[in-house]
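Some notes on the structure that comes next.
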């Protein structure tokens with residue numbers, strides 16, 4: 003049974019802040035005013051396209067993509083996106099609303115969105131309902147967060163959509179907990195608080211093993227040596243027992259002939275016999291020490307000259 007405790011590991015934070023960011027088809031590859039990193043710089047006071055706080059992609063493109071590398075795997079909780087508003091009222095009269103309709107958010111272990119999990123796909127917003135700040139829950143394990151949109155040729159889109167695919171992202175915030183919390187059994191993904199460590203662990207980050215567990219681990223080599231020696235001893239004893247049993251069975255099947263009398267079949271000894279002690283006798287008396295009911299059980303008939 004696990005001991006339920008509350009051990010604060012860290013408060014939930016924006017794990018995308020100041021991480022490496024990239025975008026497809028940048029507006030000006032040499033101008034930092036529109037750089038992909040602007041969407042993870044923590045600045046969102048100026049949401050104008052050339053205000054230096056937004057990631058802006060080139061115009062007249064079929065595909066728009068932006069992604070951030072979180073550096074390590076995180077248990078993602080939610081993602082918040084601040085769209086470029088050009089510092090104007092965000093409604094159906096703002097042309098920027100049309101460029102973000104139909105966007106998608108992915109979480110992946112690589113920069114390839116198709117290898118990840120789709121967290122959100124817009125298929126119901128219009129220019130009047132799309133929010134300037136969008137947030138969605140996304141309980142996924144991953145290292146890359148990817149924003150994607152498209153305006154493919156030959157595909158029919160709703161009338162509110164514009165003709166180009168654009169990024170227009172002023173800030174992307176990703177909230178989650180690092181995967182390093184390996185010994186946490188019950189994790190509060192909102193606040194990154196461990197509510198229960200796994201059995202045998204404790205501490206603020208469930209990083210310390212219980213004393214009993216440490217003792218068991220320290221004694222493991224000794225126990226392994228004892229068990230190994232005992233196993234060898236048992237094996238030797240078993241082999242000896244099997245050898246003794248096999249020897250006794252063999253003796254029972256082929257018992258030694260005690261006091262056997264050998265009958266010679268050569269002409270010179272036709273009327274005499276030789277005992278096991280090489281004494282020649284002309285007659286003998288059978289005693290009652292035979293092992294079975296056959297009175298002549300102990301007589302072994304031999305052929306040839308001894």
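In the numbering used here, the protein residues as written are 3 to 308.
Beta carbons: idealized from backbone N, C-alpha and C, even for Gly.
Item, Value
"Residue 105, DSSP secondary structure in three states", "coil"
"Simplified DSSP assignment, three categories, for residue 55", "coil"
"Cut-off 6 Å between Cβ atoms - residues of its own chain near residue 84, not counting five sequence neighbours on either side", "46, 135, 172 and 173"
"Local Cβ density within 10 Å of residue 252, reported as buried at 16 or more and exposed below that", "exposed"
"Contact under 9 Å by Cβ, residue 141 with residue 78", "yes"
"Residues near residue 21 in its chain [Cβ-Cβ closer than 7 Å; skip 5 each side]", "42, 70, 71, 72 and 73"
"Beta-bridge pairing of residue 139 - partner residues as DSSP gives them", "80"
"Short Cβ contact (9 Å threshold) for residue 175 with residue 82", "yes"
"Closest by C-alpha distance to residue 129, when choosing among 164, 180 and 169", "164"
"Short Cβ contact (9 Å threshold) for residue 50 with residue 88", "yes"
"Best match in 63, 250, 122 and 35 for proximity to residue 321 [C-alpha to C-alpha]", "Only positions 3 to 308 of the chain appear in the structure, and residue 321 is not among them; the question remains open."
"Proximity to residue 75 [Cα-Cα], best of 180, 190, 236 and 203", "180"
"Assigned secondary structure, residue 70 (DSSP; H/G/I helix, E/B strand, else coil)", "strand"
"Span of the beta strand (DSSP E), counted from its first residue to its last, around residue 199", "195 to 199"
"Coarse secondary structure for residue 127, derived from DSSP in three states", "coil"
"N-terminal and C-terminal residue of the beta strand (DSSP E) that residue 180 is part of", "171 to 180"
"Assigned secondary structure, residue 65 (DSSP; H/G/I helix, E/B strand, else coil)", "strand"
"Rounded Cβ spacing between residue 190 and residue 197 (contact assumed at less than 8 Å)", "6 Å"
"Span of the beta strand (DSSP E), counted from its first residue to its last, around residue 25", "22 to 25"
"Contact set for residue 210: own chain, Cβ-Cβ below 7 Å, skip 5 residues either direction", "203 and 204"
"Simplified DSSP state of residue 153, which is helix, strand or coil", "coil"
"Nearest neighbour of residue 123, chosen from 106, 117, 131 and 132 [CA to CA]", "106"
"Neighbourhood of residue 63 by C-beta, 7 Å cutoff - its chain only, sequence neighbours within 5 removed", "27, 166 and 167"
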